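**Student:** There's a structure below that I have some questions on.
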Amino acid sequence: MTEPSPGLTSGAVARRLGVAPTTLRSWDRRYGIGPTAHESGRHRRWAPGDIAVLQEMCRLTASGVPPAEAARAALAGAAPAAPTTEEVPAGRTAREPALGDVRRELRGLGRAAVRLDSEAMDELLESAVARHGLVAAWEEVMAPALHAVGRKWETSEDRYVEVEHLLSWHVSTALRRVGAAGSAGLPEAGTPPVLLACVPNEQHTLPLEALAAGLAELGLPTLMFGAAVPPEALDQAVRRTGPAAVVLWAQARSTAHHPLARHVADTSWGVRGARTRTTVLLAGPGWAGRTPAPGMLRPAGLREALSLLRELCTAGRGGEGPAVPVAGS
Numbered sequence: 000m001t002e003p004s005p006g007l008t009s010g011a012v013a014r015r016l017g018v019a020p021t022t023l024r025s026w027d028r029r030y031g032i033g034p035t036a037h038e039s040g041r042h043r044r045w046a047p048g049d050i051a052v053l054q055e056m057c058r059l060t061a062s063g064v065p066p067a068e069a070a071r072a073a074l075a076g077a078a079p080a081a082p083t084t085e086e087v088p089a090g091r092t093a094r095e096p097a098l099g100d101v102r103r104e105l106r107g108l109g110r111a112a113v114r115l116d117s118e119a120m121d122e123l124l125e126s127a128v129a130r131h132g133l134v135a136a137w138e139e140v141m142a143p144a145l146h147a148v149g150r151k152w153e154t155s156e157d158r159y160v161e162v163e164h165l166l167s168w169h170v171s172t173a174l175r176r177v178g179a180a181g182s183a184g185l186p187e188a189g190t191p192p193v194l195l196a197c198v199p200n201e202q203h204t205l206p207l208e209a210l211a212a213g214l215a216e217l218g219l220p221t222l223m224f225g226a227a228v229p230p231e232a233l234d235q236a237v238r239r240t241g242p243a244a245v246v247l248w249a250q251a252r253s254t255a256h257h258p259l260a261r262h263v264a265d266t267s268w269g270v271r272g273a274r275t276r277t278t279v280l281l282a283g284p285g286w287a288g289r290t291p292a293p294g295m296l297r298p299a300g301l302r303e304a305l306s307l308l309r310e311l312c313t314a315g316r317g318g319e320g321p322a323v324p325v326a327g328s
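Be aware that the sequence shown starts at 0, since it is given in numbering that gives the first Met the number 0, and climbs by one per residue.
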C-alpha cells in the first residue's frame with residue numbers, strides 16, 4: 000500500500016506563495032487557515048487542499064479583500080480557485096503583464112508586493128541575496144520585479160502606485176543591508192572612492208544603490224550622491240574627492256546628459272605636472288546609442304560595472320590598471 004504524501008513544510012509553502020512563514024502562522028491562529036492534519040509536536044505539513052485554501056486567501060487579499068473576509072471566503076470555497084500564471088486574474092486586463100514568472104523568488108516577490116506584505120518582501124529579498132548572491136538577486140529578482148510593477152502601473156490607469164513605492168522601499172532596504180554588511184571591512188588605505196550620481200532630472204537611484212552594495216562587498220569606498228545631482232555640485236565633488244571613477248546613471252535618453260559626462264571626464268586635479276583625471280562609467284539604458292568617448296566606459300550591467308570599478312580602484316592604488324581607454328593626464 001502506498002504511503003500518503005506527507006505534504007509540504009511551511010517554509011516550502013511560504014516560498015511558493017510569496018508569504019512569510021510568520022504570516023502562515025498568523026492566518027492559522029487568527030482565521031483557522033492551517034494544515035488539516037497537523038499533529039502536536041510534529042512539523043506542520045500542508046496537503047494540496049490546504050495549499051489551495053492558502054492560494055485563494057492570497058488571491059483575495061491581493062485584490063484588496065480584508066483578511067478576515069478573505070479567510071471566510073477561502074475556507075467556504077465561495078470564490079473560484081486561484082488563477083495559474085497563464086490565467087488573467089479578476090480586475091486585470093489581458094494586456095497587463097503578470098508579476099513575474101522568471102523564477103520562484105520573482106513570482107513570490109511580486110505576489111507579496113501586490114498584497115503589500117512587508118514582512119514577506121523582506122524575507123524573500125534576504126533569501127534571494129543569501130541564496131544567489133547580490134548580482135543574481137538584483138538582475139533576476141529585484142530589477143525584474145520592479146520593472147513588472149512599473150509596467151502594471153503604466154497599463155492600469157495609475158493603479159498599483161502604492162505597490163511600486165512599497166516594493167522600491169524594501170528593495171532599497173535590502174540593498175543597504177548588503178552594503179552595511181560589506182562595509183564592515185575597512186577599505187585599503189589610499190583607495191580613492193567611486194562617486195555615484197544620477198544625472199540632473201534623473202530620479203531612479205535603485206540601480207546605483209545595487210552598485211554601491213556590490214562595491215561595499217568588494218571593500219571599495221563609495222560616495223553616493225543620489226538622485227538629480229546638479230552639474231555644479233557634481234563638478235565640485237569630483238574636484239574635492241579625486242575619485243577612482245564616476246558613475247553617472249541615466250534611466251532614459253531624455254535624461255542622459257552627454258555634455259556633463261564629457262565635462263567630468265575632462266576634469267583634472269592635482270599639482271601641475273602630475274594632473275589626474277577620472278574614468279566615467281555611463282550606466283543605464285539612457286546612454287545607449289552612442290559610442291563612449293575616450294575616458295568613458297559603458298558597462299552592460301551590474302556584474303561588468305563591478306569588475307571595471309574593481310580594476311580602476313586597483314589602478315588608483317598604484318596597481319595594474321584595466322586594459323581600457325582612460326583619459327590621459
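We treat Cβ as the ideally placed atom computed from N, Cα and C, and that holds for glycine. Computed from a predicted model, the values in this text were never measured in an experiment.
#1: Short check: CB of A260 to CB of L311, under 8 Å?
#2: Alpha carbon to alpha carbon, how far is E208 from R175?
#3: Relative to the alpha-carbon of A249, which residue among A112, D116, A196 has its alpha-carbon at the smallest distance?
#4: How far does the alpha helix (DSSP H) with T172 in it reach, from first residue to last?
#5: The beta strand (DSSP E) with L194 in it runs from where to where?
#6: On the three-state DSSP scale, how would you describe R276?
#7: How many whole angstroms separate the CB atoms of A255 and D116, which I take to be in contact at a CB cut-off of 8 Å?
#8: Given this structure, state the Cα-to-Cα distance separating P230 from R274, to the nearest angstrom.
#9: Leaving aside the five residues before and after M223 along the sequence, list all residues of the same chain whose C-beta is less than 7 Å from its C-beta, in chain order.
#10: May I ask you to list the residues that DSSP assigns as paired with W248?
#11: Run through DSSP, which three-state label would T190 get?
#12: Assign V246 to buried or exposed, taking buried as 16 or more other Cβ atoms, counted over all protein chains shown, within 10 Å of its Cβ.
#13: Considering only DSSP beta bridges, list what M223 is partnered with.
#14: Do A173 and V148 come within 8 Å of each other at the CB atom, strictly closer than that value?
#15: What residue does the alpha helix (DSSP H) around M120 start on, and which one ends it?
#16: Kindly list the residues whose CB is nearer than 6 Å to the CB of R309, restricted to its own chain and excluding five residues on each side of it in sequence; keep chain order.
#17: Could you spell out where the alpha helix (DSSP H) holding T240 opens and where it closes?
#18: Assuming L105 is part of the alpha helix (DSSP H), what are its boundary residues?
#19: Let me know the secondary structure DSSP gives S267 once reduced to three states.
#20: Does the separation of the CB atoms of A251 and G213 fall below 8 Å?
#21: Do A127 and G181 have their CB atoms nearer than 8 Å?
#22: Using beta-carbon positions only, say whether L307 and L280 come within less than 8 Å of one another.
#23: Check each candidate in R14, R15, G17, C57 and name the one with the smallest Cα separation from I32.
**Tutor:** In short:
#1: Along the sequence shown, one-based indexing puts residue 260 at 261. Along the sequence shown, one-based indexing puts residue 311 at 312. No.
#2: The residue labelled residue 208 in the question sits at position 209 within the sequence shown. The residue labelled residue 175 in the question sits at position 176 within the sequence shown. So the two alpha carbons sit approximately 7 Å from each other.
#3: Residue mapping note: residue 249 aligns to position 250 of the sequence shown, counting from 1. Of the listed residues, the one whose Cα sits closest to A249 is A196.
#4: Within the sequence shown, numbered from 1, the residue matching residue 172 stands at position 173. T172 -> alpha helix (DSSP H) spans 160 to 181.
#5: Position 195 of the sequence shown, counting from 1, holds the residue named residue 194. 193 to 197 is the span of the beta strand (DSSP E), which, as asked, contains L194.
#6: Within the sequence shown, residue 276 is the residue found at index 277, counting from 1. Strand at R276.
#7: Locating residue 255 in the sequence shown gives position 256, where the first residue counts as 1. Locating residue 116 in the sequence shown gives position 117, where the first residue counts as 1. Their Cβ separation, rounded to whole angstroms, is 36 Å, which puts A255 and D116 out of contact at 8 Å.
#8: Counting from 1 along the sequence shown, the entry for residue 230 is found at position 231. Counting from 1 along the sequence shown, the entry for residue 274 is found at position 275. Each residue's Cα considered, the two are about 22 Å apart.
#9: As a first step, residue 223 is located in the sequence shown; it is residue number 224 there, counting from the start. Within the same chain, M223 has close Cβ partners L195, L207, A211.
#10: Translated into positions along the sequence shown, residue 248 becomes position 249. Its beta-bridge partners are C197, A282.
#11: Looking up residue 190 in the sequence shown gives position 191. Coil at T190, not helix or strand.
#12: The residue labelled residue 246 in the question sits at position 247 within the sequence shown. V246 comes out buried.
#13: Within the sequence shown, numbered from 1, the residue matching residue 223 stands at position 224. Paired residues: L195.
#14: Sequence index remark: in the sequence shown, residue 148 carries index 149 (1-based). Sequence index remark: in the sequence shown, residue 173 carries index 174 (1-based). Result no, Cβ atoms of V148 and A173 do not sit closer than 8 Å.
#15: Residue mapping note: residue 120 aligns to position 121 of the sequence shown, counting from 1. From DSSP, the alpha helix (DSSP H) with M120 extends over 117 to 136.
#16: By one-based count along the sequence shown, residue 309 stands at place 310. Closer than 6 Å at Cβ, skipping near neighbours: L217.
#17: Looking up residue 240 in the sequence shown gives position 241. Per DSSP, T240 belongs to the alpha helix (DSSP H) from 230 to 240.
#18: Here the question's residue 105 lines up with position 106 in the sequence shown. Counting along the chain, the alpha helix (DSSP H) containing L105 begins and ends at 103 to 113.
#19: If you number the sequence shown from 1, residue 267 lands on position 268. Residue state, collapsed to three classes: strand.
#20: As a first step, residue 251 is located in the sequence shown; it is residue number 252 there, counting from the start. As a first step, residue 213 is located in the sequence shown; it is residue number 214 there, counting from the start. No.
#21: By one-based count along the sequence shown, residue 127 stands at place 128. By one-based count along the sequence shown, residue 181 stands at place 182. No, these two residues do not count as a Cβ contact at 8 Å.
#22: Here residue 307 corresponds to residue number 308 of the sequence shown, with the count starting at 1. Here residue 280 corresponds to residue number 281 of the sequence shown, with the count starting at 1. Contact flag set, yes.
#23: In the sequence shown, counting from the first residue as 1, residue 32 sits at position 33. Considering only alpha carbons, the answer is C57.
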